[in-house]
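Worksheet for the structure shown next.
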Ligand code: SD4
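Residue numbers (the working numbering): 1 to 329.
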C-alpha cells in the first residue's frame, strides 16, 4: 500500500521531473516575462533557406525523443548531401586554385567538441568532426591529416572533387577577378544548426565550403569552436554565418553565449554582438554576418549586419523560414 509519505515523495518527484524538463516555465515564473518558445521543446534553429530541409531531418530525430547531438548532425547532412548547394559540402564553390575545401564542427551538451578544416573530397565533414570528437583526444584535425583520419574511419573519398557547375563558376571568376579574392556580401550560406531536445539538452553543428575564391589554405569561423559555433548546456548555443574573418576577430559565438550567461535574451545577445562587430570593423557595411542563438529555456534570437539573412525555426511541429532583423537600415 502506498503510504501518505510515499505519495507526497512521488508527487514531489513528478513535479520536479516536469519542472526539470521544462526550464522555460520556471524561468517565466521567475522573471514574470513571456519567453518565446512557450516552453515547447524540442526546437531547431538554423541558417538560411537550406535550414528548412535540415530542420526537417533534425526534427524527425527530436520528435522521436532522440538526442540533440544526433539531430544536429543529421540535420546539416542534408545540405552537405546536396550537390546543388554552392556553399556547403562537395557542391560548394572552390578556393581561388579550384579546390573545394570543407570546414565543419560539432558540439554536444557536455561541452565535447570536434572539428575538421581544409578537408577535401569527403561528403560529410560534419560526421568526420563528430568522429574526431568521439574517437580522438583532440578537438580539431585539418587538411591531409583530417582526410587520413576520415579514410581510416570508414569514410570514402568522393569521385568528384568539384562539380561541373562550380568549376564553370570558378573559370568565370578567374577571368573577371584576376585571381584576387574579395569580400562579397552575397558570398555566404554556411549552415549552422542549433537544437534543444525534449530532455532540454543542447547541441550544435556548423558546416561549410567556406568563402568562395578564398586563398588556398584559408579557414574561416565555421569550424572554430567559439567562432562559428558554441554550446553551453547551462546557458545556450549560438552559431554564425557570413564573412568568417569578421566573426573571428570578435569570437562571435562565444560572445553571444557569454552575453546570455550574463542575463541577455538571445535576441539582445545577437544584436549586441553584431553591433560590437560594426563598431570595431569600419568596413562593416561591405559584408554580411548573421547570427542565431537559442537559450536553454527555449528562447531564440537572430540578427545580421545586412538585410537578407534568413533563418529556419522548427518548433511545435512547424518549420518556417523567417527574415532576420539587421543593423544596416
Ligand atoms: C566562412 N562563415 O568560411 C563562412 C562563410 C559562409 O557559406 O558563411 N559560407 O567564412
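Quick reminder that beta carbons are idealized off the backbone N, C-alpha and C, glycines included.
query                                                                                                                                                                           : result
Count the other CB atoms, across all protein chains shown, that sit within 10 Å of the CB of residue 16; report buried if there are 16 or more and exposed otherwise.           : Since pLDDT at residue 16 reaches only 35, below the 50 mark, its modelled position is unreliable, and no value is offered.
Mind checking whether residue 91 and residue 47 have CB atoms under 7 angstroms apart?                                                                                          : no
Just checking my contact of residue 321 with residue 300 at CB under 8 angstroms: how many whole Å lie between their CB atoms?                                                  : That belief does not hold up - the Cβ atoms of residue 321 and residue 300 are roughly 14 angstroms apart, past 8 angstroms.
Assuming residue 294 and residue 266 are in contact, meaning their beta carbons sit under 8 angstroms apart, how far apart are those beta carbons, in whole angstroms?          : 6 angstroms
Smallest Cα separation from residue 177: which of 95, 283 and 144?                                                                                                              : 95
Contact check, residue 116 vs residue 223 under 8 angstroms by CB: the rounded distance?                                                                                        : 6 angstroms
Note down the Cα distance separating residue 258 from residue 282, rounded to an integer number of angstroms.                                                                   : 24 angstroms
Please report the straight-line C-alpha distance between residue 236 and residue 131, rounded to a whole angstrom.                                                              : 23 angstroms
Between which residues of its own chain and residue 153 is the CB-CB distance below 8 angstroms, once the five residues before and five after are set aside?                    : 128, 131 and 135
Would you mind listing the beta strand (DSSP E) stretches within the segment 72–146 that are 3+ residues and don't spill past its ends, in chain order?                         : 102–107, 113–119 and 140–142
State the CB to CB distance for the pair residue 229 and residue 251, rounded to an integer number of angstroms; the pair is presumed to be in contact (CB under 8 angstroms).  : Going by Cβ atoms, the distance from residue 229 to residue 251 rounds to 11 angstroms, so no, they are not a contact pair.
Count the other CB atoms, across all protein chains shown, that sit within 10 Å of the CB of residue 156; report buried if there are 16 or more and exposed otherwise.          : exposed
Would you decide whether residue 103 is buried or exposed? Buried here means 16 or more other CB atoms lie within 10 Å of its CB.                                               : buried
Measure the C-alpha to C-alpha separation of residue 93 and residue 209 and round it to an integer number of angstroms.                                                         : 7 angstroms
Quick one: residues in its chain with C-beta nearer than 7 angstroms to the C-beta of residue 169, no 5 flanking neighbours on either side, listed in chain order?              : 93
Rounded to whole angstroms, how far is the Cβ of residue 87 from the Cβ of residue 189, which I believe are closer than 8 angstroms?                                            : 4 angstroms
If you draw a straight line from the alpha carbon of residue 33 to that of residue 268, how long is it in whole angstroms?                                                      : Residue confidence for residue 33 is low, a pLDDT of 38 falling below 50, so the modelled location carries little weight; the figure read from the coordinates is stated next. Their Cα atoms are separated by approximately 15 angstroms.
Indicate, with yes or no, if the ligand SD4 has a heavy atom lying under 6 angstroms from the CB of residue 189.                                                                : yes
So, with DSSP's three-state summary, where would you put residue 270?                                                                                                           : helix
If you measure from the CB of residue 244, is any heavy atom of the ligand SD4 nearer than 6 angstroms?                                                                         : yes
Could you spell out where the beta strand (DSSP E) holding residue 229 opens and where it closes?                                                                               : 229–232
Alpha carbon to alpha carbon, how far is residue 255 from residue 315? Give it in angstroms, no decimals.                                                                       : 25 angstroms
So who's on the other strand from residue 318, going by DSSP bridges?                                                                                                           : 315
Closer than 8 angstroms is the cut-off here; do at least three beta carbon pairs connect the segment 196–203 with the segment 212–219?                                          : no
Figure out for me which residue from 191, 79 and 213 has the closest Cα to the Cα of residue 97.                                                                                : 213
Below 8 angstroms CB to CB, which residues in the same chain sit around residue 147 once its five sequence neighbours on both sides are set aside?                              : 119, 120, 121, 122 and 157
Using the C-alpha atoms, what's the distance from residue 77 back to residue 68?                                                                                                : 14 angstroms
Output needed for residue 166: all residues of its chain with C-beta closer than 8 angstroms, excluding positions within five of it in sequence on either side, in chain order. : 86, 91, 92, 93, 94 and 100
Report yes if the C-beta of residue 63 is less than 6 angstroms from at least one heavy atom of the ligand SD4; otherwise report no.                                            : no
Helix, strand or coil: how does DSSP classify residue 253 here?                                                                                                                 : helix
Just tell me which of 61, 79, 108 and 60 has its CA closest to the CA of residue 238.                                                                                           : 108
Which value, in whole angstroms, describes the spacing of the CA atoms of residue 325 and residue 308?                                                                          : 9 angstroms
Would you tell me roughly how many angstroms separate the C-alpha atoms of residue 112 and residue 175, rounded to the nearest one?                                             : 44 angstroms
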